[in-house]
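*Asks:* Once you've had a glance at the structure underneath, I'll fire off some questions.
Protein chains: 2
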Amino acid sequence: MPPNLPPNCPLCALSPADILWEDARCCVIRVADAFHPGLCRVVWREHVAEMTDLLPADRRHLFAVVMATEAALRAQLRPDKINLASFGNMVPHLHWHVIPRYRDDRHFPEAVWGAAQREGAVHAAADPVALARAIDDALAEH
Amino acid sequence: MPPNLPPNCPLCALSPADILWEDARCCVIRVADAFHPGLCRVVWREHVAEMTDLLPADRRHLFAVVMATEAALRAQLRPDKINLASFGNMVPHLHWHVIPRYRDDRHFPEAVWGAAQREGAVHAAADPVALARAIDDALAEH
Numbered sequence: 001m002p003p004n005l006p007p008n009c010p011l012c013a014l015s016p017a018d019i020l021w022e023d024a025r026c027c028v029i030r031v032a033d034a035f036h037p038g039l040c041r042v043v044w045r046e047h048v049a050e051m052t053d054l055l056p057a058d059r060r061h062l063f064a065v066v067m068a069t070e071a072a073l074r075a076q077l078r079p080d081k082i083n084l085a086s087f088g089n090m091v092p093h094l095h096w097h098v099i100p101r102y103r104d105d106r107h108f109p110e111a112v113w114g115a116a117q118r119e120g121a122v123h124a125a126a127d128p129v130a131l132a133r134a135i136d137d138a139l140a141e142h
Numbered sequence: 143m144p145p146n147l148p149p150n151c152p153l154c155a156l157s158p159a160d161i162l163w164e165d166a167r168c169c170v171i172r173v174a175d176a177f178h179p180g181l182c183r184v185v186w187r188e189h190v191a192e193m194t195d196l197l198p199a200d201r202r203h204l205f206a207v208v209m210a211t212e213a214a215l216r217a218q219l220r221p222d223k224i225n226l227a228s229f230g231n232m233v234p235h236l237h238w239h240v241i242p243r244y245r246d247d248r249h250f251p252e253a254v255w256g257a258a259q260r261e262g263a264v265h266a267a268a269d270p271v272a273l274a275r276a277i278d279d280a281l282a283e284h
């Protein structure tokens, strides 16, 4: 681990195998969620806690990547809804959850952090190569 | 109710008394949440479901208002963390939750939609007039 990184922060030590898309400031990773395999996280590289800790240009960039990830997931998976969230209560390293939701998934219409509503259908994750290309395309568009 | 609005959408028919800040495109409202009184919602005026349904300039504007609300709540309330979320699973009218979180609140470190962790301290909401002024200031800065 490089010096000056907080010990035990899982988002400071991501596995390269999980990274779907990246640039110098942030990356999009796949998440092993058994009930919501399509869930992606957009992770800021630097260990900061809040969006408003970032310079305005940096927070706009991170938000643009979140929007590009939303657009790519919508185009590939056609979910019934997209859920976006940035909490950091357990891991105070800035990251966004971008979650394709389906009316028949385990928690709908509750948040995925809420009570299960049914056993729930499990919808496949996006194809990683096509997703990365779609994120690039969405960023280039705007 | 004006014509062409979806029936029974509570975010198409906000009470003016709940509006803390507004402009032509969106508004910030107070939310009656007994356990998290500081919770604010940023509501897009038009009845659309997803961020990527908006034109890029509009989604950047809405995001700037979410960031200004985060900055205003941090300055006034000094919470331990800010949580941001946009779901719309129950009310598919674009809105953001901006939630000041405290280590001793009812759900921390879970999301406020998760299981209660304790009875929980209840921290006061921001002063509405000062909050509106702080949102204006934060928007003017960037």
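One line per chain: the protein sequences are A and D, in this order.
Residue 1 is where the first sequence starts when you use my numbering, and the numbers rise one by one after that.
Residue 143 is where the second sequence starts when you use my numbering, and the numbers rise one by one after that.
Backbone N, C-alpha and C define an ideal beta-carbon position, used for all residues, glycine too.
Predicted model only: the values in this text are computed from it and were never measured.
(1) Mapping the DSSP letters down to three states, classify C168 of chain D as helix, strand or coil.
(2) Count the other CB atoms, across all protein chains shown, that sit within 10 Å of the CB of P198 of chain D; report buried if there are 16 or more and exposed otherwise.
(3) By the criterion of Cβ-Cβ separation under 7 Å, what are the contact partners of W21 of chain A in chain D?
(4) My assumption, with CB atoms under 8 Å, is that V207 of chain D sits in contact with I224 of chain D. Please give the rounded CB distance.
(5) Ignore the nearest five residues each way along the sequence and tell me which others in H189 of chain D's own chain have a CB closer than 7 Å to its CB.
(6) Assign C40 of chain A to one of three DSSP states: helix, strand, or coil.
(7) Report the neighbours of N89 of chain A on chain B: residues whose CB is nearer than 8 Å to its CB, in chain order.
(8) Since P56 of chain A meets chain D, which of its residues come closer than 7 Å, beta carbon to beta carbon?
(9) Please decide whether M143 of chain D counts as near chain A, where near means a Cβ-Cβ distance under 8 Å.
(10) Whose Cβ in chain D lies nearer than 8 Å to the Cβ of A17 of chain A?
(11) Check the DSSP bridge columns for R163 of chain D and list the partner residues they point to.
(12) Is the beta carbon of P100 of chain A closer than 8 Å to that of P79 of chain A?
(13) Residues in its own chain within less than 7 Å of I19 of chain A by CB, not counting five upstream and five downstream?
(14) Of all the options D:D269, D:D279, D:H249 and D:A253, which has the alpha carbon lying nearest to the alpha carbon of R260 of chain D?
(15) Can you name, in chain order, every residue of its own chain whose Cβ lies under 6 Å from the Cβ of M51 of chain A, other than the five neighbours on each side?
(16) Report yes if the C-beta distance between L139 of chain A and A68 of chain A is below 8 Å; otherwise report no.
(17) Restricting to runs no shorter than 4 residues, where is the alpha helix (DSSP H) found entirely within the segment 64-142 of chain A?
(18) Going along chain A, which residues have a C-beta under 8 Å from R216 of chain D?
(19) Using alpha carbons as the reference points, say which of D:E212, D:L196 and D:G262 lies closest to F177 of chain D.
(20) Just checking: is the beta-carbon of P10 of chain A within a distance shorter than 8 Å of some beta-carbon in chain D?
(21) Output the distance between the C-alpha atoms of G256 of chain D and H95 of chain A, rounded to the nearest integer angstrom.
(22) Measuring CB to CB, does A32 of chain A end up less than 8 Å from I135 of chain A?
*Replies:* In short:
(1) Against the second sequence, residue 168 of chain D aligns to sequence position 26. In the structure shown, C168 of chain D sits in a strand (DSSP, three-state: E or B).
(2) Taking the first residue of the second sequence as 1, we reach residue 198 of chain D at position 56. P198 of chain D should be labelled exposed.
(3) As a position in the first sequence, residue 21 of chain A is number 21, starting the count at 1. Within chain D, no C-beta atom comes less than 7 Å from the C-beta of W21 of chain A; the nearest is roughly 17 Å away.
(4) As a first step, residue 207 of chain D must be located in the second sequence, where it is residue number 65. As a first step, residue 224 of chain D must be located in the second sequence, where it is residue number 82. V207 of chain D to I224 of chain D, Cβ: 14 Å. No contact.
(5) For the purposes of this step, residue 189 of chain D is taken as residue 47 along the second sequence, with counting starting at 1. So the qualifying residues of the chain are L147, P148, C151, C154 and H235.
(6) Within the first sequence, numbered from 1, the residue matching residue 40 of chain A stands at position 40. Three-state DSSP puts C40 of chain A in a strand.
(7) The structure shown has no chain B; the protein chains it does contain are A and D.
(8) The sequence position of residue 56 of chain A within the first sequence is 56, counting from 1. The contacting residues are H284.
(9) In the second sequence, the residue the question calls residue 143 of chain D occupies position 1. Any reading at M143 of chain D is ruled out, since the residue's pLDDT is 45, under 50, leaving its predicted position unreliable.
(10) Translated into positions along the first sequence, residue 17 of chain A becomes position 17. When 8 Å is used as the limit between beta carbons, A17 of chain A is near no residue of chain D, the shortest such separation being about 27 Å.
(11) For the purposes of this step, residue 163 of chain D is identified with residue 21 of the second sequence, where counting begins at 1. A quick correction: the sequence has Trp, not Arg, at residue 163 of chain D. Answer is D:V170.
(12) The sequence position of residue 79 of chain A within the first sequence is 79, counting from 1. The sequence position of residue 100 of chain A within the first sequence is 100, counting from 1. For P79 of chain A and P100 of chain A, yes; Cβs fall inside 8 Å.
(13) Residue mapping note: residue 19 of chain A aligns to position 19 of the first sequence, counting from 1. Take I19 of chain A, set aside five residues on each side of it, and the residues of its chain with a beta-carbon closer than 7 Å to its own are C27 and I29, in chain order.
(14) Looking up residue 260 of chain D in the second sequence gives position 118. Nearest C-alpha to R260 of chain D: D:H249.
(15) Counted from its first residue, the first sequence places residue 51 of chain A at position 51. Same-chain partners within the cutoff: R59.
(16) Counted from its first residue, the first sequence places residue 139 of chain A at position 139. Counted from its first residue, the first sequence places residue 68 of chain A at position 68. Their beta carbons are under 8 Å apart, which means L139 of chain A touches A68 of chain A by this criterion.
(17) 128-141
(18) Residue 216 of chain D sits at position 74 when you count from the first residue of the second sequence. Ordered by position in chain A, the residues that pass the 8 Å Cβ test against R216 of chain D are E50 and T52.
(19) Position 35 of the second sequence, counted from the first residue, corresponds to residue 177 of chain D. When only C-alpha atoms are compared, the closest one is D:G262.
(20) Reading the first sequence from its first residue, position 10 is the one you call residue 10 of chain A. No, its Cβ sits nowhere closer than 8 Å to a Cβ of chain D.
(21) Taking the first residue of the second sequence as position 1, residue 256 of chain D is located at position 114. Taking the first residue of the first sequence as position 1, residue 95 of chain A is located at position 95. Between G256 of chain D and H95 of chain A, the C-alpha separation is close to 19 Å.
(22) Walking along the first sequence from the start, residue 32 of chain A turns up at place 32. Walking along the first sequence from the start, residue 135 of chain A turns up at place 135. The Cβ atoms of A32 of chain A and I135 of chain A lie no closer than 8 Å to each other.
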